[in-house]
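Chains as they are written, first to last, in the UniProt record's numbering: chain C, 1 to 332; chain E, 1 to 332.
Glycine residues also receive a C-beta, built at the ideal position from the N, C-alpha and C atoms.
Protein chains: 2
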Amino acid sequence: MVTLKDVAKEAGVTATTASRALRGMDMVTPKTTQKVLAAAEKLGYRMNISAQSLRTGKSGTVTFLTAGIDGAYFSSLAMRFAAELNKQGMHMLIESSQYLVDEHGNEKDMSYLFSDGIIGINAKHASKALASHPSVLLEDYTIDSPYDQVNAPSQAGTRAAIRHLYEKGCRRIGLVGHDIPPESNPGASQQVRMLAAKHECQELGLEFDEHSLISVPWSRAGGVEAGHRWADERLGFDGLFCPSDGLALGVLRGLADRGVNVPKDVAVIGFDGITDGEYSVPTLSTIAVDFTSMTQAAVSLLTHRINHPEEERYPQTVTVGYRLIERESTRR
Amino acid sequence: MVTLKDVAKEAGVTATTASRALRGMDMVTPKTTQKVLAAAEKLGYRMNISAQSLRTGKSGTVTFLTAGIDGAYFSSLAMRFAAELNKQGMHMLIESSQYLVDEHGNEKDMSYLFSDGIIGINAKHASKALASHPSVLLEDYTIDSPYDQVNAPSQAGTRAAIRHLYEKGCRRIGLVGHDIPPESNPGASQQVRMLAAKHECQELGLEFDEHSLISVPWSRAGGVEAGHRWADERLGFDGLFCPSDGLALGVLRGLADRGVNVPKDVAVIGFDGITDGEYSVPTLSTIAVDFTSMTQAAVSLLTHRINHPEEERYPQTVTVGYRLIERESTRR
């Protein structure tokens with residue numbers, strides 16, 4: 001039988017180089033690769049497919065697929081998943097989904113994505129990749145999704161935030177956000193949070209109409225704009241609910257630009273529980289999502305799918321808990 | 001000649017599944033993989049190694065290797081590289097290096113890391129991976145490094161920051177940081193910046209001794225501690241240089257805790273130019289690194305190494321420019 005050593009000898013390279021060339025791995029020059037392939041063909045070499053991934057059918061790698069990891073929310077979430085997967089003996093790669101589509105709108109070849117499974121958040125442009133792997137989506141909220149979902153407590157958390165503003169004496173609560181979220185951001189959870197806020201206001205008997213929304217982009221810059229409008233247009237809200245901490249931090253800066261005192265003139269609460277809110281001036285009250293449970297639930301759902309590919313299990317949805325953290329921005 | 005279709009027929013699966021099983025890709029169950037391998041062996045099938053990566057010797061993928069992407073600095077840098085690589089027709093994966101070592105301190109198998117090259121920042125625990133790929137390191141500063149390096153203007157930028165504080169009337173300048181940086185952070189650039197700050201102070205004829213350093217961990221929490229110590233220990237600095245914006249943002253919060261007015265009581269300047277400094281209260285003066293040049297230089301160096309593997313070129317070092325941005329924290 002022709003061995004790898006024979007191929008290497010024929011090609012005039014080391015066995016390691018020959019193996020790498022045949023597997024298409026590491027740094028082998030095109031010229032060397034061609035030489036090794038020619039030698040393998042000449043000798044009738046049959047690859048000894050013995051890599052762990054072929055023996056077990058698994059690579060031990062999970063892809064964290066997200067439109068972008070900009071900012072504290074996505075990057076800290078990714079690092080939590082890396083830690084949890086490492087605990088489970090797996091390895092994580094981060095893949096940004098925003099470049100998965102070519103100029104004609106076609107999904108690019110993802111054959112290099114050899115992971116055992118995908119954890120996706122806001123992973124647009126990746127339907128093929130998701131469909132061809134065991135996948136768990138975070139913050140998706142799609143009804144009848146074919147994938148397991150793990151969600152933040154967007155409804156319960158939002159209602160708690162509104163009630164908190166109410167208990168702090170707020171009677172005209174404004175919402176900061178936008179009806180049509182930009183592509184690059186978690187639109188689904190935003191919509192769920194906006195609707196829940198509206199319902200809770202109505203339940204508390206508070207005035208709530210189309211003027212209760214300060215419509216700005218879901219970003220820090222959008223938050224700054226909302227803060228400016230609060231002051232410049234004398235909107236009169238005594239409490240502001242921001243469906244993300246990023247937005248809320250922008251609002252605090254926008255209000256500071258106008259010399260507005262938070263929380264005396266207006267109380268502000270965010271949503272997520274990113275660490276940035278501990279360091280802002282004033283510090284930010286927020287609904288802190290239980291990221292530990294979110295990470296563990298998603299990894300547990302995913303590993304079950306990976307280890308039981310034959311099992312026909314309905315998609316599961318897990319919603320994790322939250323903790324209301326009162327800081328300076330609502331302390332009055 | 002035995003074809004893939006023959007193998008698929010023998011194994012009772014589709015040609016697509018057979019191909020995936022043979023390549024160890026996508027979601028194929030261990031059972032199916034075994035069946036396909038057995039069929040291939042029985043029929044004497046020889047893999048048609050035709051994947052693009054084997055024809056060209058390249059996968060079109062670059063790995064961004066970093067200890068962690070927590071926080072605004074690393075995550076925004078990663079996204080800039082993803083954009084630049086996409087422009088060059090390549091694709092980026094992010095790999096966290098902190099889990100590359102097993103419990104015995106041995107580097108784990110990285111054979112799945114089939115990228116054409118590596119862009120590494122603070123990529124400890126990855127010497128094998130770096131050595132086996134064309135690699136460019138950011139912020140490394142190692143003398144006689146075998147790798148191309150692209151660095152922030154740590155010396156020139158720091159001297160500009162100190163001069164800025166001096167021109168704003170500061171005569172007792174304090175440095176926030178630590179001599180022995182924690183594992184997970186960019187120690188090299190910190191050391192270069194601390195040394196440059198010391199030299200610039202001496203050149204300006206300012207008092208500078210061991211008491212000029214407020215020694216805290218390189219993190220936002222460390223910055224808060226430095227702010228508290230400024231007030232509680234009456235350190236008397238009228239200007240503070242922080243070698244990272246993260247540290248500086250912590251300092252602003254720590255000073256706010258004690259009711260200190262920035263910049264009236266003490267001026268504060270950071271280093272990096274992350275967007276967070278536009279949103280803090282007060283907004284943060286900083287040395288904004290030219291990240292566009294940094295990204296382009298690193299990608300250009302890397303693609304040259306990838307495309308000319310035969311070329312024996314000395315390691316290159318590129319240092320990019322900066323812009324001093326004056327904001328509220330030093331505006332007086």
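Within-8 Å CB hit, residue i to chain C
{"i": "residue 266 of chain E", "result": "no"}
{"i": "residue 284 of chain E", "result": "no"}
{"i": "residue 281 of chain E", "result": "yes"}
{"i": "residue 91 of chain E", "result": "yes"}
{"i": "residue 95 of chain E", "result": "yes"}
{"i": "residue 256 of chain E", "result": "yes"}
{"i": "residue 82 of chain E", "result": "yes"}
{"i": "residue 68 of chain E", "result": "yes"}
{"i": "residue 99 of chain E", "result": "yes"}
{"i": "residue 79 of chain E", "result": "yes"}
{"i": "residue 86 of chain E", "result": "yes"}
{"i": "residue 163 of chain E", "result": "no"}
{"i": "residue 220 of chain E", "result": "yes"}
{"i": "residue 12 of chain E", "result": "no"}
DSSP-derived helix/strand/coil call for residue i
{"i": "residue 7 of chain E", "result": "helix"}
{"i": "residue 90 of chain C", "result": "coil"}
{"i": "residue 237 of chain E", "result": "coil"}
{"i": "residue 14 of chain E", "result": "coil"}
{"i": "residue 270 of chain C", "result": "strand"}
{"i": "residue 67 of chain C", "result": "coil"}
{"i": "residue 61 of chain C", "result": "strand"}
{"i": "residue 162 of chain C", "result": "helix"}
{"i": "residue 41 of chain E", "result": "helix"}
{"i": "residue 330 of chain C", "result": "coil"}
{"i": "residue 207 of chain C", "result": "coil"}
{"i": "residue 145 of chain C", "result": "coil"}
{"i": "residue 29 of chain C", "result": "coil"}
{"i": "residue 107 of chain E", "result": "strand"}
{"i": "residue 260 of chain C", "result": "coil"}
{"i": "residue 96 of chain C", "result": "strand"}
Residue i - containing alpha helix (DSSP H), residue span
{"i": "residue 252 of chain C", "result": "245-257"}
{"i": "residue 304 of chain E", "result": "291-307"}
{"i": "residue 320 of chain C", "result": "Element bounds for residue 320 of chain C: n/a, residue is neither H nor E."}
{"i": "residue 224 of chain C", "result": "220-232"}
{"i": "residue 130 of chain C", "result": "127-131"}
Host beta strand (DSSP E) of residue i (start-end)
{"i": "residue 136 of chain C", "result": "135-138"}
{"i": "residue 173 of chain E", "result": "173-177"}
{"i": "residue 213 of chain C", "result": "213-215"}
{"i": "residue 120 of chain E", "result": "117-121"}
{"i": "residue 338 of chain C", "result": "A question about residue 338 of chain C goes unanswered here, because the residues of chain C that appear run from 1 up to 332."}
Neighbour flag for residue i against chain E, beta carbons, 8 Å
{"i": "residue 139 of chain C", "result": "no"}
{"i": "residue 74 of chain C", "result": "yes"}
{"i": "residue 151 of chain C", "result": "no"}
{"i": "residue 253 of chain C", "result": "yes"}
{"i": "residue 71 of chain C", "result": "yes"}
{"i": "residue 261 of chain C", "result": "no"}
{"i": "residue 183 of chain C", "result": "In this prediction, residue 183 of chain C has a pLDDT of 48, which is less than 50 and means its spatial position is unreliable; what the coordinates show is noted afterwards. No, its Cβ sits nowhere closer than 8 Å to a Cβ of chain E."}
Cβ distance (whole Å) where residue i is taken to contact residue j below 8 Å
{"i": "residue 341 of chain C", "j": "residue 159 of chain C", "result": "A question about residue 341 of chain C goes unanswered here, because the residues of chain C that appear run from 1 up to 332."}
{"i": "residue 327 of chain E", "j": "residue 285 of chain E", "result": "5 Å"}
{"i": "residue 339 of chain C", "j": "residue 80 of chain C", "result": "Any property of residue 339 of chain C remains undetermined from this structure, which presents chain C solely from 1 to 332."}
{"i": "residue 36 of chain E", "j": "residue 2 of chain E", "result": "Not a contact, Cβ separation roughly 13 Å."}
{"i": "residue 151 of chain C", "j": "residue 317 of chain C", "result": "7 Å"}
{"i": "residue 258 of chain C", "j": "residue 227 of chain C", "result": "7 Å"}
{"i": "residue 281 of chain E", "j": "residue 281 of chain C", "result": "4 Å"}
query: What are the residues of the region 303-320 of chain C that lie near chain E, defined by any Cβ-Cβ distance shorter than 8 Å?
result: 309, 310
- Any residues in the region 236-250 of chain E with a beta carbon nearer than 7 Å to a beta carbon of chain C? Which ones, in chain order? 249, 250
Item checked: Members of the region 26-40 of chain E that neighbour chain C once the beta carbon cut-off is set at 9 Å -> 26, 27, 28, 29, 30, 31, 32, 33, 34, 37, 40
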